[in-house]
Amino acid sequence: MAGRKSGQRRQVSPGATVTDQELLHAFDQYQRGRGLADTTRRRRTASLDRFTDFLAPRSITTTRPDDVDQWLAGLNAAGTKAGYYSDLKAFFQWAHRREHVALNPMSLTDPPRKPKYLPKPARPDVIATAVAMSSGPVQLMILLGALAGLRVGEIAALSSDDIYLDRMPAVLMVRQGKGGKDRIVPLHPVLVERLRGVRRGWLFPSPDPDREHIAGQHVGVTVSKALSAASSTGQHTTAHQLRHYFGSEAAKWSGGNVVLVGGMMGHSDPKTTMGYIGWTPEDGADVVARLGGGRADELAAKRRAAGPA
Numbered sequence: 185m186a187g188r189k190s191g192q193r194r195q196v197s198p199g200a201t202v203t204d205q206e207l208l209h210a211f212d213q214y215q216r217g218r219g220l221a222d223t224t225r226r227r228r229t230a231s232l233d234r235f236t237d238f239l240a241p242r243s244i245t246t247t248r249p250d251d252v253d254q255w256l257a258g259l260n261a262a263g264t265k266a267g268y269y270s271d272l273k274a275f276f277q278w279a280h281r282r283e284h285v286a287l288n289p290m291s292l293t294d295p296p297r298k299p300k301y302l303p304k305p306a307r308p309d310v311i312a313t314a315v316a317m318s319s320g321p322v323q324l325m326i327l328l329g330a331l332a333g334l335r336v337g338e339i340a341a342l343s344s345d346d347i348y349l350d351r352m353p354a355v356l357m358v359r360q361g362k363g364g365k366d367r368i369v370p371l372h373p374v375l376v377e378r379l380r381g382v383r384r385g386w387l388f389p390s391p392d393p394d395r396e397h398i399a400g401q402h403v404g405v406t407v408s409k410a411l412s413a414a415s416s417t418g419q420h421t422t423a424h425q426l427r428h429y430f431g432s433e434a435a436k437w438s439g440g441n442v443v444l445v446g447g448m449m450g451h452s453d454p455k456t457t458m459g460y461i462g463w464t465p466e467d468g469a470d471v472v473a474r475l476g477g478g479r480a481d482e483l484a485a486k487r488r489a490a491g492p493a
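Residue numbers (the numbering used here): 185 to 493.
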């Protein structure tokens, strides 16, 4: 909880007081007891740290709906607004039930509009070039994103104990993925060969003695640099676009099987999976070319002969 400026004390019962730091620590312990993923707890801690810095020197227990509105209004990205709103909502629901706050300010604040982004898969040629240009560990990171659909945090936390090459088919187990959910992903033949003989333990151990494996952020930065460098046009490509590639390809080759694709990607909401299901630009172009019975050239010629509309 380092960096928190607000340390005001508030009365919770006769003769007892608690600081914001103690209150947020209690919330973290509550989340730990519920078994929430470490990534979720760390994200919420970071969100609450930023919000308490915004409120300083006032205590977070004095939060009003207008404070939430003002803080969110100062943020630019729609996705960031939605994420921070969700984290504040989780905290204040807990704090209100435990009677640490008299009013839940989130109950009087409307959620920001959550954007609906279309998948933006990395191009196959960029993926292939990045693999060819990269070192062994970075190659494996790229392949795990493109051929298994793993998020950067899931790649970072992958262990040899999560790989089952002796099963038919070979699979890997994603443990404590987003939302604290486990899932099984069948292994692509290329990954089966790459994962044979991997050393025991973390696939990407951390050089930091205080960490067991590298951070997901490190994977994201490293892979994004490799992909962007591999683009012949210099187009920036993120590590998460490898996951989009996996989802789009899985949707195409499964015939739009929502349950299958959602299960492999670890989606909790079928609506998320539906973003990968449906038409592709290639399919759309073929349909558009067939408009008018496939006589596009004939129709264009008639229009030119008719003159301006």
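We treat Cβ as the ideally placed atom computed from N, Cα and C, and that holds for glycine.
Spatial neighbours of residue i in its chain, beta-carbon cut-off 8 Å, leaving aside the 5 residues before and after
{"i": "residue 389", "result": "396, 397 and 398"}
{"i": "residue 253", "result": "293"}
{"i": "residue 444", "result": "434 and 438"}
{"i": "residue 334", "result": "328, 342, 358, 369 and 427"}
{"i": "residue 187", "result": "Its pLDDT being 43, under 50, residue 187 is placed unreliably by the model, and nothing is read from it."}
Span separating the alpha-carbon of residue i from that of residue j
{"i": "residue 340", "j": "residue 422", "result": "16 Å"}
{"i": "residue 376", "j": "residue 438", "result": "21 Å"}
{"i": "residue 200", "j": "residue 247", "result": "For residue 200, the predicted structure reports a pLDDT of 43, less than 50, and the residue's modelled location is therefore unreliable. A value from the coordinates is still provided. Cα-Cα distance, rounded: 21 Å."}
{"i": "residue 259", "j": "residue 269", "result": "11 Å"}
{"i": "residue 290", "j": "residue 467", "result": "44 Å"}
{"i": "residue 257", "j": "residue 325", "result": "37 Å"}
{"i": "residue 218", "j": "residue 228", "result": "14 Å"}
{"i": "residue 250", "j": "residue 211", "result": "23 Å"}
{"i": "residue 496", "j": "residue 274", "result": "The chain is shown from 185 up to 493; residue 496 falls before or after that span and cannot be answered."}
{"i": "residue 473", "j": "residue 305", "result": "24 Å"}
{"i": "residue 374", "j": "residue 447", "result": "21 Å"}
{"i": "residue 233", "j": "residue 209", "result": "11 Å"}
{"i": "residue 401", "j": "residue 424", "result": "11 Å"}
{"i": "residue 296", "j": "residue 272", "result": "13 Å"}
{"i": "residue 419", "j": "residue 451", "result": "28 Å"}
{"i": "residue 317", "j": "residue 307", "result": "16 Å"}
Sequence-distant residues of its chain with Cβ nearer than 6 Å to residue i (five each side left out)
{"i": "residue 244", "result": "204 and 236"}
{"i": "residue 354", "result": "371 and 376"}
{"i": "residue 332", "result": "369"}
Terminal residues of the beta strand (DSSP E) in which residue i lies
{"i": "residue 367", "result": "367-370"}
{"i": "residue 168", "result": "Given a span of 185 to 493 for the chain in the structure shown, any question on residue 168 remains unanswerable."}
{"i": "residue 355", "result": "355-358"}
Three-state secondary structure (DSSP) of residue i
{"i": "residue 326", "result": "helix"}
{"i": "residue 202", "result": "strand"}
{"i": "residue 348", "result": "strand"}
{"i": "residue 343", "result": "strand"}
{"i": "residue 402", "result": "helix"}
{"i": "residue 391", "result": "coil"}
{"i": "residue 428", "result": "helix"}
{"i": "residue 451", "result": "coil"}
{"i": "residue 193", "result": "Note on residue 193: pLDDT 44, under 50, position unreliable in the model; no value is reported."}
{"i": "residue 209", "result": "helix"}
Option in the options with minimal Cα separation from residue i
{"i": "residue 342", "options": "321, 387, 301 and 316", "result": "387"}
{"i": "residue 381", "options": "369, 352, 344 and 403", "result": "344"}
{"i": "residue 412", "options": "314, 295, 304 and 301", "result": "314"}
{"i": "residue 152", "options": "472, 431, 452 and 470", "result": "Lying before the first or after the last residue shown, residue 152 is absent from the chain, which here runs from 185 to 493."}
{"i": "residue 405", "options": "452, 454, 427 and 336", "result": "336"}
{"i": "residue 282", "options": "207, 221, 232 and 349", "result": "207"}
{"i": "residue 302", "options": "475, 457 and 407", "result": "457"}
{"i": "residue 338", "options": "365, 469 and 220", "result": "365"}
{"i": "residue 231", "options": "265, 202 and 436", "result": "265"}
{"i": "residue 224", "options": "475, 409, 323 and 267", "result": "267"}
Contact set for residue i: own chain, Cβ-Cβ below 7 Å, skip 5 residues either direction
{"i": "residue 415", "result": "310 and 421"}
{"i": "residue 263", "result": "299"}
{"i": "residue 278", "result": "211 and 214"}
{"i": "residue 321", "result": "388"}
Run of the alpha helix (DSSP H) containing residue i, from where it starts to where it stops
{"i": "residue 272", "result": "262-281"}
{"i": "residue 290", "result": "Per DSSP, residue 290 belongs to no alpha helix (DSSP H) and is neither H nor E."}
{"i": "residue 285", "result": "From DSSP, residue 285 is part of no alpha helix (DSSP H); its letter is neither H nor E."}
{"i": "residue 234", "result": "222-239"}
{"i": "residue 309", "result": "308-317"}
{"i": "residue 146", "result": "Nothing about residue 146 can be read from this structure; the chain reaches only from 185 to 493."}
Test: residue i CB closer than 8 Å to a CB of chain D
{"i": "residue 402", "result": "The structure shown has no chain D; it contains just one protein chain."}
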